[in-house]
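Below: the structure, in structure tokens.
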């Protein structure tokens, strides 16, 4: 990783050549697949951030990555793939606008431990599809903590474009009983919201 970041500064043309190769290879591969079948959405694993922010500056992200994202997302949309999802961990507030500029419209997992708050993301980006944002560590602290964490879901459901999910995989510290409680309460909240929406229509 250190060599990669150093090369971004000492030989950026080489890095961009590598990225272009990956983009072109990916498009060639997906073109063969998408000409034979329909796809609901594209999933890109990025992990561009850590707990203190983006691994590269937002300015560098915009210059190097946004044009390549635009090339991929244009290709996907030309093949009828309207949802482009990126999995990026860490504190990603500063690069979300650049992901959106690149044609990404769904971000996950909104890592709470890194400082991400899905309510704040929604306020800043009302049209973005958001997944995750429920602190997996909280789920190991008992039912009262779980209920408090699920209050976020009610706000996000009201705004739409939200898929309720933990901000990572299930933590091994979460007991089976607490996980079952979390899933039942989450389902109750979603079903109650859906019923209220039906009554409003």
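Residue numbers (my numbering): 60 to 260. Note that CB positions come from ideal geometry on N, CA and C, so glycine has one too. Just so you know, these numbers come straight off a predicted model, no measurement behind them.
In or out: residue i buried (at least 16 other Cβ within 10 Å) or exposed?
{"i": "residue 148", "result": "buried"}
{"i": "residue 232", "result": "exposed"}
{"i": "residue 154", "result": "buried"}
{"i": "residue 28", "result": "One cannot answer for residue 28 here, as it falls past the ends of the chain, which runs 60 to 260."}
{"i": "residue 254", "result": "exposed"}
{"i": "residue 61", "result": "exposed"}
{"i": "residue 91", "result": "exposed"}
What's the C-alpha gap between residue i and residue j?
{"i": "residue 237", "j": "residue 109", "result": "28 Å"}
{"i": "residue 162", "j": "residue 224", "result": "23 Å"}
{"i": "residue 279", "j": "residue 101", "result": "Here the chain has residues from 60 to 260 only, and residue 279 is not among them."}
{"i": "residue 179", "j": "residue 173", "result": "14 Å"}
{"i": "residue 203", "j": "residue 168", "result": "23 Å"}
{"i": "residue 88", "j": "residue 242", "result": "37 Å"}
{"i": "residue 81", "j": "residue 192", "result": "30 Å"}
{"i": "residue 119", "j": "residue 78", "result": "14 Å"}
{"i": "residue 128", "j": "residue 240", "result": "39 Å"}
{"i": "residue 205", "j": "residue 70", "result": "48 Å"}
{"i": "residue 248", "j": "residue 164", "result": "25 Å"}
{"i": "residue 111", "j": "residue 121", "result": "18 Å"}
{"i": "residue 218", "j": "residue 151", "result": "21 Å"}
{"i": "residue 259", "j": "residue 200", "result": "36 Å"}
{"i": "residue 257", "j": "residue 251", "result": "10 Å"}
{"i": "residue 94", "j": "residue 235", "result": "43 Å"}
{"i": "residue 96", "j": "residue 85", "result": "16 Å"}
{"i": "residue 72", "j": "residue 63", "result": "12 Å"}
{"i": "residue 68", "j": "residue 157", "result": "20 Å"}
{"i": "residue 145", "j": "residue 132", "result": "11 Å"}
{"i": "residue 117", "j": "residue 105", "result": "15 Å"}
{"i": "residue 226", "j": "residue 74", "result": "30 Å"}
{"i": "residue 130", "j": "residue 123", "result": "12 Å"}
{"i": "residue 228", "j": "residue 171", "result": "13 Å"}
Leaving out five residues before and five after residue i in sequence, what residues of the same chain have Cβ atoms less than 7 Å from its Cβ?
{"i": "residue 114", "result": "107, 108"}
{"i": "residue 245", "result": "209, 212, 223"}
{"i": "residue 160", "result": "125"}
{"i": "residue 135", "result": "101, 143"}
{"i": "residue 176", "result": "none"}
{"i": "residue 197", "result": "204, 205, 208"}
Opposite residue i in the DSSP bridges: which residues?
{"i": "residue 224", "result": "192"}
{"i": "residue 166", "result": "145, 189"}
{"i": "residue 104", "result": "146"}
{"i": "residue 152", "result": "Its beta-bridge partners do not exist; DSSP assigns none."}
{"i": "residue 113", "result": "108"}
Which residues in the same chain as residue i place their Cβ atom closer than 6 Å to its Cβ, once the five residues preceding and following it in sequence are excluded?
{"i": "residue 220", "result": "188"}
{"i": "residue 140", "result": "98, 101"}
{"i": "residue 190", "result": "167, 222, 224"}
{"i": "residue 103", "result": "145"}
Which residues in the same chain have their Cβ closer than 8 Å to the Cβ of residue i, if we skip the five residues on either side of it in sequence?
{"i": "residue 230", "result": "195, 196, 198, 199"}
{"i": "residue 66", "result": "73, 74"}
{"i": "residue 215", "result": "177, 178, 181, 189, 192, 221, 223"}
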